[in-house]
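This report concerns only the one structure given below.
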């Protein structure tokens, strides 16, 4: 009890078996993203003091092999893959042998060993310095959030969930794992992220848990197909969308959806939207979108097409869900109502007083507030970070409210996120990325005078770079940004920096800004900090160019 068990694996049944085995004996699960490099595996395993590391593939076993010498507490590696290339000094056992050993030591759950306030998991999230921090999650934290979800949304033993978001992410761990198991429903693991489009019709899930990027891809594909079609096809599509939207609004307001409009909707679904339903497997009752902001037009489109999207909001530190839209009355562009058992406050950005507090068991449909920092209390909120007392203290205000670092307001009882206090980037795929360490690494090159990493709500990271022209000339003989040799020097730099970066932290493209960021041009603060929003606005065309379809 209390020992840490790290899991470095893709979503698969063995992940759940390893986690549930650890939970049963009171151990603490530490889940790692499979995309992180060996150096970060070593940091997390060492920081958590994990005694056991469970790995999936040969690639992950090689990371464990390289990390082993830096992890003094690590005593055993359990490998699902055949450990052909592991060093002799690394204690590796196969998954099959571990199961055989376990079968000879039958266990029973003991409530005296595992209590609600004991640690269940450490969920590592990036800190402001770039060092990952372990979020301390108790059984009560995680299970209270799962119970709140089941109080609000109907999930039964007949439901089927296709799991593909990483289980190392708090969102999938709760919504796609704990909630589904607690309801007695079925989890089917996707073969891979790339195989989702093939797996959906094979599995025919009734529930989907995904980040907005998945729905955006589907939406963009449909829009492109319509644009390339005939004028008649475009007219029919517009008509079907209008009919579907009308049906959705009637349903939410309690008006009749029968008669002529009902017949029109049946025809619209059959003629236009049936292909979409087939691609999703044909049985989806509702889908949950989280991890990043869902564009309002995409939520409204799926609703018109007969697929209900439920957008929510939360953080790893809150297990994670703080708010989510009600099933029968979603309001796209907002993150819905506060979850049962949770209290959310809006604290003034000017003088720090609470503008409003909302308990999740109340639905104050007339409450609207000015924007302020979102703060929270509840059984789902962590008590701090693993062995980080200073960071833990900073995460809470003097009154015990957890500070989310996000800015939002209530609109008729619905919570809307409007801004971010922290300089954290949330990618379109829902990954939390702190740009500071990446910018610091790039700035370490003599070629870079200034740099700003871009990626909020985008599929990947890019960078705006102010080059040191003299340094480039010394290296390449060129001062011209249009010269291929000039650009090649920076491509080489990106390759070097990306080599040791996790996949979501790789910078995929760059553009040159020839006029430095300064206080005079309004792109730096008086203390020489980047004015990120101003820089992105000033160089909007360059940013859009990096994300244009190719």
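In our numbering, the protein residues as written are 109 to 658.
Virtual Cβ for every residue (Gly too), placed ideally from N, Cα, C.
These numbers were taken from a predicted model, which means no experiment stands behind them.
Looking at the DSSP output, residue 540 bridges to 534.
In the DSSP annotation of this structure, the continuous segment of the beta strand (DSSP E) that includes residue 558 starts and ends at 556-562. In the structure shown, the three-state DSSP call for residue 627 is coil. A distance of 9 Å or more separates the beta carbons of residue 153 and residue 136.
Going by beta carbons, residue 187 and residue 207 fall outside the 9 Å limit.
The alpha-carbon separation between residue 329 and residue 387 amounts to approximately 12 Å.
Relative to residue 175, the option among 155, 305, 146, 599 whose CA is nearest is 146. In terms of CA proximity to residue 292, 269 leads the group 309, 280, 269, 274.
In this structure, the beta-carbon distance from residue 250 to residue 503 does not fall below 9 Å. As computed with DSSP, residue 632 is found in a beta bridge with 638. Separation of residue 402 and residue 518 (C-alpha to C-alpha, rounded to the nearest whole angstrom) is 18 Å. Nearest Cα to residue 315 within the set 435, 591, 495, 556: 435. Taking a 10 Å sphere around the C-beta of residue 461, we find fewer than 16 other C-beta atoms and assign the residue as exposed. With fewer than 16 other Cβ atoms inside 10 Å of its own Cβ, residue 626 counts as exposed. Here residue 559 has 547, 550, 551, 571, 572, 573, 574 as same chain residues with Cβ atoms under 8 Å from its own Cβ, once five neighbours each way along the sequence are excluded. The stretch 390-404 and the stretch 350-365 do not touch, with fewer than three beta-carbon pairs separated by less than 8 Å. Under DSSP, residue 649 takes part in no beta bridge, so it has no partner. Restricting attention to 131, 261, 148, 166, the CA atom closest to the CA of residue 227 is found in 131.
Check the Cα spacing between residue 470 and each of 520, 248, 491, 584: the tightest is with 520. Residue pairing by DSSP puts residue 527 in a beta bridge opposite 515.
CA-CA distance, residue 413 to residue 600, rounds to 46 Å. With a cutoff of 9 Å on beta-carbon distance, residue 166 and residue 190 are scored as near each other. Looking at the backbone, the Cα of residue 433 and that of residue 278 are separated by about 18 Å. The C-beta separation of residue 140 from residue 276 comes to about 6 Å, placing the pair in contact by the 8 Å criterion.
The C-beta distance from residue 537 to residue 325 rounds to 11 Å, too long to meet the 8 Å contact threshold. Close CB contacts of residue 526 within its chain, under the 6 Å cut and outside five residues either way in sequence, are with 479, 515, 516 (chain order). Only buried fits residue 230, as 16 or more other CB atoms lie within 10 angstroms of its CB. Its chain contains 625, 638, 639, 642, 643, 646 as the residues whose beta carbon lies nearer than 8 Å to that of residue 631, once the 5 sequence neighbours on both sides are disregarded; these appear in chain order.
Contact between residue 317 and residue 286 does not hold, since the beta-carbon distance rounds to 11 Å and is not under 8 Å. Counted as a single uninterrupted DSSP element, the alpha helix (DSSP H) harbouring residue 260 occupies residues 247-260. Per DSSP, residue 463 lies in no alpha helix (DSSP H) segment; the continuous beta strand (DSSP E) that holds it begins and ends at 462-467. DSSP places residue 610 outside both helix and strand once states are collapsed to three, so it counts as coil. Minimum Cα-Cα distance from residue 556 among the listed residues 370, 543, 602, 308 corresponds to 602. With a threshold of 16 other beta carbon atoms within 10 Å, residue 241 meets it and is buried.
In the DSSP assignment, residue 584 falls outside any beta strand (DSSP E) and within the unbroken alpha helix (DSSP H) covering 577-584. Every beta strand (DSSP E) of 3 residues or more that sits fully in the stretch 287-357 is shown, in chain order, as 294-297, 315-318.
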